[in-house]
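See structure below.
Numbering (our numbering), first residue to last: 901 to 986.
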């Protein structure tokens, strides 16, 4: 009976360790979009992305929600998934 108690204790400690370590992985810092300058609809995201990379960001996208579809802003980001809800 002593062996099964030891295995049960080790199993519970292992489960608790895994559950606490996953909470650290899922925690994410807030990455802000830095928006400056207009996106020209002719060039779209490509020119915005290139300009942001020249300024040492990970990339850039034209954000149509801030200024509307006629004059979107070029927004630079450092995250790999800039528009994700998480």
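Beta carbons: idealized from backbone N, C-alpha and C, even for Gly.
Enclosing beta strand (DSSP E) for residue i [first to last residue]
i           : result
residue 948 : Where residue 948 is concerned, there is no enclosing beta strand (DSSP E), although the alpha helix (DSSP H) it sits in stretches over 945-954.
Same chain, Cβ closer than 7 Å to residue i, neighbours up to 5 away in sequence not counted
i           : result
residue 975 : 933, 934, 935, 960, 961 and 963
residue 951 : 960 and 974
residue 971 : 938
Collapsed DSSP secondary structure at residue i in the structure displayed
i           : result
residue 940 : coil
residue 933 : coil
Close-in-space but distant-in-sequence residues of the same chain around residue i (CB under 8 Å, 5 per side omitted)
i           : result
residue 913 : none
Where residue i falls, given that 16 or more other Cβ within 10 Å makes a residue buried
i           : result
residue 977 : buried
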